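**Student:** In my numbering, the protein residues as written are 12 to 441. Cβ atoms here follow ideal geometry from the backbone N, Cα and C, with glycine treated the same way. Here the structure is a predicted model, which means the values were calculated and not measured.
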Amino acid sequence: MAALRSPAAVLARVGLRTKTALVIAGTAAVVAALIAFLVHQRTAEDQQRQAARAADAQLLRALEDHAIGIDTDALVNPRELPDALRKAVTDRPVRATYLQSPGNGRDPVMWAAARSGDDVVAVSRSYAPQVRAQADLNRVLIGAGAGATAFGCVLGVAVAAWAGRRIGAAARTARQIADGDLTARVRPTGTDQIAQLGAAVDTMADALGSRLEAERRVTADVAHELRTPVAGLVTAAGLLPPGRPADLVRKGVGHLRLLVEDVLEVARLDVPGVEQARYEEVELSSLARRAAAAARGAAADDPAVPADVEVLVRTDAVVETDPRRVERVLTNLITNARRHGAPPFVLEVDAPALRVRDHGPGFPGDLLAEGPRRFRTGARGRGTGLGLTIVTGQAQVLGARVTYENPPDGGARATLTLPENPRHQHSTDR
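1) Pick helix, strand or coil for residue 411, following the three-state DSSP scheme.
2) Tell me residue 329's beta-bridge partners as DSSP assigns them.
3) Using the beta-carbon count (16 or more within 10 Å), is residue 392 buried or exposed?
4) I believe residue 36 touches residue 167 by the beta-carbon criterion, under 8 Å. Please report the beta-carbon distance rounded to the nearest angstrom.
5) With a threshold of 7 Å on Cβ separation, who are the neighbours of residue 200 within its own chain once the five nearest residues in sequence on each side are excluded?
6) Quick one: using the 10 Å Cβ neighbour count with 16 as the cut-off for buried, is residue 121 buried or exposed?
7) Using 8 Å as the threshold, is the segment 405–425 in touch with the segment 336–344, meaning 3 or more CB pairs across them?
8) Exposed or buried, which one is residue 188 when buried takes at least 16 other CB atoms within 10 Å?
9) Confirm, please, whether the CB-CB distance from residue 277 to residue 237 is below 8 Å.
10) From the DSSP output, read off the bridge partner residues of residue 122.
11) Pick out whichever of 264, 305, 401, 344 has its Cα sitting closest to the Cα of residue 279.
12) For residue 261 and residue 428, what's the separation of their Cα atoms in angstroms?
13) Based on the DSSP output, what are the partners of residue 426 in its beta bridges?
14) Counting only the same chain and skipping the five closest in sequence on each side, list residues whose C-beta sits under 8 Å from that of residue 72.
15) Let me make sure I understand the geometry here. Which of 294, 292, 275, 171 has the alpha-carbon closest to that of residue 285?
16) Anyone know if the C-beta pair for residue 366 and residue 356 falls short of 8 Å?
17) Would you call the segment 47–58 and the segment 179–198 touching, i.e. three or more CB-CB distances under 8 Å?
18) Any idea what DSSP makes of residue 31, helix, strand or coil?
19) If you compare alpha carbons, which of 113, 232, 377, 398 is closest to residue 416?
20) Identify which residue in 226, 431, 371, 213 has its Cα closest to the Cα of residue 197.
21) Under 8 Å, do residue 422 and residue 369 count as touching if we go by C-beta distance?
22) So what does residue 130 bridge to, in DSSP terms?
23) Identify whether residue 322 lies in helix, strand or coil by the three-state DSSP scheme.
24) Are the C-beta atoms of residue 373 and some chain C residue less than 8 Å apart?
25) Indicate whether residue 288 and residue 342 have their beta-carbon atoms separated by less than 8 Å.
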């Protein structure tokens, strides 16, 4: 049985546009109903007061005629006189009126009565015209209220759509900024709260862009400054006499050189438009085998890292892409799998997707939730996080998509999905 949700929970799930439209429409309906009720009550009171005055005037004439013995249409001691009215004029020498609603399909009657000597003189007037006029007025009020409510609904939808578009534009811009497009701006108009929200998003984007640009410049400058001394260290390490200490120095210097090159590559990828893909037609299986061979070569210097990578071709295809960048992405994914995963390692070709699978502990939760972050390795505790950062940057240049997941049967799987029309996609993105 489905659980019942509270009104607050249901309202929380409703969008802002719907909420705004409901509030305006509800307000219009309440105002229309209140005005209709007040008009109905005031009109009914006026009608009853005027009918009572007319009956009282008729009663005055009847009393004068009765006093001088002239026959009139007045009723003397009528049996059908309402008991409340009879008691009122019997107890005190007053003229009184009373609206009788007999029901049973009969029309209401306005009575007027007074005591004349020992008799009670009364007159009656049909109240049916007033009832019909009130019914006509009620129909007009209902129609006007329905029209006002419908207008309120239309106005509410229009206002909600107008406000929703402006808020949606700010939300889309914020998502674009979060996805890495630091050039996106709301550029709001006006001075209301929505415009203030858009201005705040633009201010945040400006501050974030300035900060990231400063960080990129520092990273690039440090890497450039290190490049020359590291190259000197590589040359000097090559001149050392053979031996265990020299091998350790050469290995450390080699890692340092690769780290500097990775930092420089990340700095270039951070600048929009600097890296451009060079497209050509290439077979995916050929790309996969070259990437696997490059990964084996990169692992040859580290015996502790397994180098075997199985290339499994399920669906091959000739695609238009930048082969150097695709190989770079695949090599980094394979290297990441070898460093943090466990064999067997499989590079699967399933056009247009390329999957790198290992059978280790899987990707850490923060990487699955937030994506790769430079200089942060998560639960695995080794590396700099630049390898997967480079994967993300190169995939963006290619117009490709990279996803990370932990399959149910264990391990980790990274999937590179190439676009079908990369040239058209990039021109559209720009």
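**Tutor:** Reading it off the structure:
1) In the sequence shown, residue 411 corresponds to position 400, counting from 1. Of the three classes helix, strand and coil, the one that applies to residue 411 here is coil, per DSSP.
2) Here residue 329 refers to the residue found at position 318 when the sequence shown is read from its first residue. DSSP, once it has assigned bridges, lists 294 as partnering residue 329.
3) Locating residue 392 in the sequence shown gives position 381, counting from the first residue. Confidence at residue 392 is low in this model, with a pLDDT of 46, below 50, so the placement of that residue should be treated as unreliable; the coordinate-derived value is given next. Counting Cβ neighbours within 10 Å, residue 392 comes out exposed, since fewer than 16 surround it.
4) Taking the first residue of the sequence shown as position 1, residue 36 is located at position 25. Taking the first residue of the sequence shown as position 1, residue 167 is located at position 156. Sure, about 5 Å apart at Cβ, within 8 Å.
5) Position 189 of the sequence shown holds residue 200. 206, listed in sequence order.
6) For the purposes of this step, residue 121 is identified with residue 110 of the sequence shown, where counting begins at 1. Buried: at least 16 other Cβ atoms inside 10 Å.
7) yes
8) Working through the sequence shown from its first residue, we reach residue 188 at position 177. Looking at its Cβ environment, which holds 16 or more other Cβ atoms inside 10 Å, residue 188 is buried.
9) Mapped onto the sequence shown, residue 237 falls at position 226. Mapped onto the sequence shown, residue 277 falls at position 266. Against a cut-off of 8 Å, the Cβ pair of residue 277 and residue 237 comes out as no contact.
10) For the purposes of this step, residue 122 is identified with residue 111 of the sequence shown, where counting begins at 1. Answer is 109, 135, bridged to residue 122.
11) As a working mapping, residue 279 is identified with position 268 in the sequence shown. Minimum Cα distance to residue 279 is reached at 401.
12) The sequence position of residue 261 within the sequence shown is 250, counting from 1. The sequence position of residue 428 within the sequence shown is 417, counting from 1. Each residue's Cα considered, the two are about 37 Å apart.
13) Indexing the sequence shown from 1 puts residue 426 at position 415. 366, 414.
14) Here residue 72 is taken as the residue at index 61 of the sequence shown, counted from 1. Once the five neighbours on either side are set aside, the close Cβ partners of residue 72 are 83.
15) Walking along the sequence shown from the start, residue 285 turns up at place 274. Out of 294, 292, 275, 171, 275 has the C-alpha closest to the C-alpha of residue 285.
16) Here residue 366 refers to the residue found at position 355 when the sequence shown is read from its first residue. Here residue 356 refers to the residue found at position 345 when the sequence shown is read from its first residue. Not closer than 8 Å, so no.
17) no
18) Position 20 of the sequence shown, counted from the start, is the residue given in the question as residue 31. Reduced to three states, the DSSP call for residue 31 is helix.
19) Within the sequence shown, residue 416 is the residue found at index 405, counting from 1. Considering only alpha carbons, the answer is 377.
20) In the sequence shown, residue 197 corresponds to position 186, counting from 1. The shortest C-alpha separation from residue 197 is found at 213.
21) Taking the first residue of the sequence shown as 1, we reach residue 422 at position 411. Taking the first residue of the sequence shown as 1, we reach residue 369 at position 358. The answer is yes: Cβ separation under 8 Å.
22) Residue mapping note: residue 130 aligns to position 119 of the sequence shown, counting from 1. In the DSSP output, where bridge partners are listed per residue, residue 130 has 127.
23) The sequence position of residue 322 within the sequence shown is 311, counting from 1. Looking at residue 322 - three-state DSSP - the assignment turns out to be strand.
24) The chain labelled as chain C is not found in the depicted structure, where only one protein chain is given.
25) Mapped onto the sequence shown, residue 288 falls at position 277. Mapped onto the sequence shown, residue 342 falls at position 331. No, the Cβ-Cβ distance between residue 288 and residue 342 is not below 8 Å.
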